[in-house]
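Here the structure is laid out as structure tokens; the discussion comes afterwards.
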Amino acid sequence: MKNMSGYINRTDANLMKVVVEQLQAECVNLAKEWAALDRGEKIRHWIEWQEASDIERRFHRFDQVLQVVQEAV
0 MKNMSGYINR TDANLMKVVV EQLQAECVNL AKEWAALDRG EKIRHWIEWQ EASDIERRFH
60 RFDQVLQVVQ EAV
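So the sequence shown is numbered by numbering that gives the first Met the number 0: it starts at 0 and just counts up by one.
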């Protein structure tokens, strides 16, 4: 049983490592996309973000993270 527990912990750790790597890659991709936008597009996106409620922003971020995690698994 002890060996099984260690195996499960390693499996969980490996999965978490993959998820973190995917999240890091997604952050880099989003940063590149943002950098590629012209000033007008950045302003438009910023205004949309400001007009969204806090709960909408949180759900949007959660959806992005959930999508990356699902792709990693």
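Glycine included, each C-beta is placed from N, C-alpha and C at the ideal position.
- Contact check for R56 and W45: beta-carbon distance about 12 Å, past the 8 Å limit, so the pair fails to qualify.
- The C-alpha of V68 is placed about 10 Å away from the C-alpha of F61.
- In the structure shown, L22 falls within a helical segment according to DSSP collapsed to helix, strand and coil.
- When only Cα atoms are considered, V19 and A30 end up about 16 Å apart.
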